[in-house]
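Asker: Residue numbers (numbering that gives the first Met the number 0), protein chains in the order written: chain S, 0 to 255; chain E, 0 to 46.
Note that the Cβ used here is the ideal one computed from N, Cα and C, for glycine as well.
The structure under discussion is supplied below as structure tokens; questions concerning it will follow.
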Amino acid sequence: MSSPFWWGDWRPNLTPHTGNLQPTDLIECTSMSGAVATNTVITGAQIIAAASGGSATWGDITGTLSSQTDLKSALNGKQDTLVSGTNIKTINSTSLLGSGNITTNPRTLASINGSNLIGTANQISASVLIPAGTMSTNNTIYIKNLLTKTVGSSTSTPRIYINTTNSLSGATLLATAALMNAATYHQRFERNFYFDGTNLNGYSASSAFANDLASSTITLTAFNPATAYYLIFAVQNTSTTPDNLGHKRVIVQIYD
Amino acid sequence: MININGIEYTITGPIEVVSDTQLHVETDKGVILVDDTMEIYKALTNG
Numbered sequence: 000m001s002s003p004f005w006w007g008d009w010r011p012n013l014t015p016h017t018g019n020l021q022p023t024d025l026i027e028c029t030s031m032s033g034a035v036a037t038n039t040v041i042t043g044a045q046i047i048a049a050a051s052g053g054s055a056t057w058g059d060i061t062g063t064l065s066s067q068t069d070l071k072s073a074l075n076g077k078q079d080t081l082v083s084g085t086n087i088k089t090i091n092s093t094s095l096l097g098s099g100n101i102t103t104n105p106r107t108l109a110s111i112n113g114s115n116l117i118g119t120a121n122q123i124s125a126s127v128l129i130p131a132g133t134m135s136t137n138n139t140i141y142i143k144n145l146l147t148k149t150v151g152s153s154t155s156t157p158r159i160y161i162n163t164t165n166s167l168s169g170a171t172l173l174a175t176a177a178l179m180n181a182a183t184y185h186q187r188f189e190r191n192f193y194f195d196g197t198n199l200n201g202y203s204a205s206s207a208f209a210n211d212l213a214s215s216t217i218t219l220t221a222f223n224p225a226t227a228y229y230l231i232f233a234v235q236n237t238s239t240t241p242d243n244l245g246h247k248r249v250i251v252q253i254y255d
Numbered sequence: 000m001i002n003i004n005g006i007e008y009t010i011t012g013p014i015e016v017v018s019d020t021q022l023h024v025e026t027d028k029g030v031i032l033v034d035d036t037m038e039i040y041k042a043l044t045n046g
């Protein structure tokens with residue numbers, strides 16, 4: 000029997016290895032030096048160690064980034080760096096970048112719908128909380144209010160009160176709208192209250208007018224900015240039914 | 000002088016009947032709504 004000339008051709012009929020390479024596997028090989036064949040063994044452990052190659056390190060990874068399509072796609076999906084006035088708008092030329100709050104003027108405290116109510120009692124149609132700390136000296140509360148009366152045959156009275164609880168008991172009258180008789184189904188009811196640091200300064204509270212554009216006596220209502228208050232929007236009808244008055248839409252804004 | 004919820008008020012003007020259970024009382028601190036759930040209501044309506 001002659002010696003084989005090259006590895007692999009000397010045991011051509013061996014059964015192929017099954018399963019994963021194990022550290023304990025032995026791989027026979029033949030090396031040729033001149034015409035002399037030398038048979039040796041490589042262990043599975045040697046091959047596994049050589050193939051592992053260690054972990055990749057940032058800075059050592061080479062190649063074209065765009066070739067890594069999944070990474071490129073993920074990067075393409077990221078938002079560009081925000082540049083004020085370029086890819087993010089400003090508000091009145093004020094940049095929106097950075098942390099913190101930007102106070103707009105006026106601040107809208109509430110924009111709500113009140114209830115239309117029947118009955119002769121003086122009742123709450125809507126209420127708006129002024130949280131403690133909302134008001135500062137020289138601020139103005141602006142109330143824009145749409146009143147509707149869906150049906151009616153008698154006079155109805157819309158009013159605004161202020162109280163530290165959401166209740167009419169002990170509330171202070173702030174304003175009285177124009178009286179709404181049988182033919183008056185709509186009214187825009189507006190008031191401004193200037194805060195001087197101690198009192199809300201407003202149009203005569205008991206004078207029944209739709210707005211405060213005309214002159215009147217002044218009504219001073221004590222207001223502590225460290226206390227929470229409710230603005231209470233009340234309605235009262237002089238007949239039980241079918242009069243149905245409500246503060247349909249109440250908007251309260253604070254002007255700095 | 001009346002006391003409502005711990006605050007002293009001086010009545011400075013007329014008392015208006017708003018409804019069967021409510022009054023408007025004109026005071027030095029504005030027009031206050033007094034209703035029949037408040038202690039002062041009885042005194043004002045009897046007086």
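Compute the Euclidean distance between the alpha carbons of residue 239 of chain S and residue 100 of chain S, then round it to the nearest angstrom.
Answerer: Here the question's residue 239 of chain S lines up with position 240 in the first sequence. Here the question's residue 100 of chain S lines up with position 101 in the first sequence. Rounded to the nearest angstrom, the two C-alpha atoms are 49 Å apart.
Asker: Identify, in the order they occur along the chain, each residue of the same chain with its Cβ nearer than 7 Å to the Cβ of residue 131 of chain S, setting aside the five sequence neighbours on each side.
Answerer: Within the first sequence, residue 131 of chain S is the residue found at index 132, counting from 1. Only 225, 226, 227 meet the Cβ criterion.
Asker: Closest by CA to residue 47 of chain E, which one among S:244, S:172, S:191?
Answerer: Past the boundaries of the shown model lies residue 47 of chain E; chain E is included only from 0 to 46, so the question cannot be answered.
Asker: Which residues in the same chain as residue 163 of chain S place their Cβ atom closer than 8 Å to its Cβ, once the five residues preceding and following it in sequence are excluded?
Answerer: Translated into the one-based positions of the first sequence, residue 163 of chain S becomes position 164. Hits under 8 Å: 226, 227, 228, 229.
Asker: Tell me which residue opens and which closes the alpha helix (DSSP H) that residue 47 of chain S is part of.
Answerer: Residue numbering aside, residue 47 of chain S sits at position 48 when the first sequence is read from its first letter. 43 to 51 is the span of the alpha helix (DSSP H), which, as asked, contains residue 47 of chain S.
Asker: Quick check on residue 178 of chain S - is its C-beta less than 8 Å from some C-beta in chain E?
Answerer: Taking the first residue of the first sequence as position 1, residue 178 of chain S is located at position 179. Not closer than 8 Å to any Cβ of chain E, the Cβ of residue 178 of chain S fails to qualify, so no.
Asker: For residue 71 of chain S, is the classification buried or exposed, using 16 other Cβ atoms within 10 angstroms of its Cβ as the cut-off for buried?
Answerer: As a working note, residue 71 of chain S is residue 72 in the first sequence. Flag for residue 71 of chain S reads exposed.
Asker: Closest Cβ-Cβ distance between residue 4 of chain E and chain S: below 8 Å?
Answerer: To locate residue 4 of chain E, count along the second sequence from 1; it is residue 5. Chain S, which has a Cβ nearer than 8 Å to the Cβ of residue 4 of chain E, makes this yes.
Asker: In chain order, what are the residue ranges of uninterrupted beta strand (DSSP E) at least 3 long that sit wholly in the segment 134 to 212 of chain S?
Answerer: Entirely contained in the segment 134 to 212 of chain S, the beta strand (DSSP E) runs reaching 3 residues are, in chain order, 139 to 148, 155 to 162, 171 to 175, 185 to 194, 198 to 202.
Asker: Per DSSP, residue 234 of chain S is paired with what?
Answerer: Walking along the first sequence from the start, residue 234 of chain S turns up at place 235. Beta-bridge pairing links residue 234 of chain S to S:122, S:157.
Asker: Can you check DSSP and say which residues form a bridge with residue 3 of chain E?
Answerer: Stepping through the second sequence from its first residue, residue 3 of chain E is reached at position 4. Bridge partners of residue 3 of chain E: E:6.
Asker: Hey, which unbroken runs of the beta strand (DSSP E) at 3 residues or more fall wholly within the segment 27 to 113 of chain S?
Answerer: Within the segment 27 to 113 of chain S, the complete beta strand (DSSP E) runs of at least 3 residues are 35 to 42, 106 to 111.
Asker: Check the Cβ-Cβ distances between residue 202 of chain S and every residue of chain E, and say whether any is below 8 Å.
Answerer: As a first step, residue 202 of chain S is located in the first sequence; it is residue number 203 there, counting from the start. So no, residue 202 of chain S is outside the interface.
Asker: With distances taken from CA atoms, which of S:90, S:192, S:253 is nearest residue 212 of chain S?
Answerer: What you label residue 212 of chain S is simply residue 213 of the first sequence in a count that begins at 1. Measuring from the Cα of residue 212 of chain S, the nearest candidate turns out to be S:192.
Asker: Which chain E residues are close to residue 160 of chain S, counting only those with a beta carbon under 8 Å from its beta carbon?
Answerer: The count along the first sequence starts at 1 and reaches residue 160 of chain S at position 161. Near residue 160 of chain S (Cβ distances below 8 Å), the residues of chain E are 32.
Asker: Nearest by alpha-carbon distance to residue 141 of chain S: which of S:120, S:83, S:110, S:123 is it?
Answerer: Residue 141 of chain S sits at position 142 when you count from the first residue of the first sequence. Answer by Cα proximity: S:110.
Asker: Kindly give me the distance between the Cβ atoms of residue 129 of chain S and residue 146 of chain S, rounded to whole angstroms, as I take these residues to be in contact under 8 Å.
Answerer: Reading the first sequence from its first residue, position 130 is the one you call residue 129 of chain S. Reading the first sequence from its first residue, position 147 is the one you call residue 146 of chain S. The pair is not a contact, with the Cβ atoms about 21 Å apart (cut-off 8 Å).
Asker: If you follow the beta strand (DSSP E) that residue 247 of chain S is part of, which residue opens it and which one closes it?
Answerer: In the first sequence, counting from the first residue as 1, residue 247 of chain S sits at position 248. It spans 244 to 254 - the beta strand (DSSP E) in which residue 247 of chain S sits, taken as one unbroken run.
Asker: Should the segment 32 to 44 of chain E be called in touch with the segment 176 to 187 of chain S, which here means at least 3 C-beta pairs below 8 Å?
Answerer: Touching, no.
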